[in-house]
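**Q**
Residue numbers (my numbering): -8 to 142.
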């Protein structure tokens, strides 16, 4: 299949999701010519705000392959990935993603991701979500325990 054919599948997933009462987001994850996952946004079904199409594709592919490593995979997304999806793709090794509809296309429908990228680019103390340090007294070293188990 070609890049355009994979993208047509992602867009078809998005249309099917709209018909099912969901948002217009679909994704296809491909590696070495094999479709690892073809899915859509599931937030309307699961009530999980992280169930975006790209995240769903990563979850399905990881379960199928038995690994979180998606190095060499390519994501085809119907819409511009939000900062959460972008971070998830980068974290699991995806280095190429194709997008059918841009932020400019989605903006009139309140589907722009610009605000999420702006928020995450702010200094930590300027973000809406405040992360505050609170290590329990006597905490013995969680990361060291993890590292010791890796040896």
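Cβ atoms here follow ideal geometry from the backbone N, Cα and C, with glycine treated the same way.
Can you tell me whether residue 105 is helix, strand or coil according to DSSP?
**A** Along the chain shown, read from residue 1 onward, the residue named residue 105 stands at position 114. Reduced to three states, the DSSP call for residue 105 is helix.
**Q** Please list, in chain order, all residues of the same chain as residue 67 whose beta carbon is under 6 Å from its beta carbon, the five residues on each side excluded.
**A** As a first step, residue 67 must be located in the chain shown, where it is residue number 76. Within the same chain, -3, -2, 1, 19 and 89 come within 6 Å of residue 67 by CB-CB distance, once the 5 residues on both sides are set aside.
**Q** Tell me which same chain residues have a C-beta within less than 7 Å of the C-beta of residue 62, skipping the five on either side of it?
**A** The count along the chain shown starts at 1 and reaches residue 62 at position 71. 84.
**Q** Residue 22 and residue 54 - do their beta-carbons sit closer together than 8 Å?
**A** In the chain shown, residue 54 corresponds to position 63, counting from 1. In the chain shown, residue 22 corresponds to position 31, counting from 1. No.
**Q** Would DSSP call residue 118 helix, strand or coil?
**A** Here residue 118 refers to the residue found at position 127 of the chain shown. Note: residue 118 maps to coil in three-state DSSP.
**Q** My understanding is that residue 42 touches residue 32, with C-beta atoms under 8 Å, so please give their C-beta distance in whole angstroms.
**A** By 1-based counting over the chain shown, the position of residue 42 is 51. By 1-based counting over the chain shown, the position of residue 32 is 41. With 8 Å as the limit, residue 42 and residue 32 qualify as a contact, their Cβ atoms being about 7 Å apart.
**Q** If I measure Cβ to Cβ from residue 76 and keep anything under 7 Å in the same chain, skipping five residues before and after, which residues do I get?
**A** The residue given as residue 76 occupies position 85 in the chain shown. If we look at residue 76 and ignore the five residues flanking it on each side, its Cβ neighbours are 43, 45 and 46.
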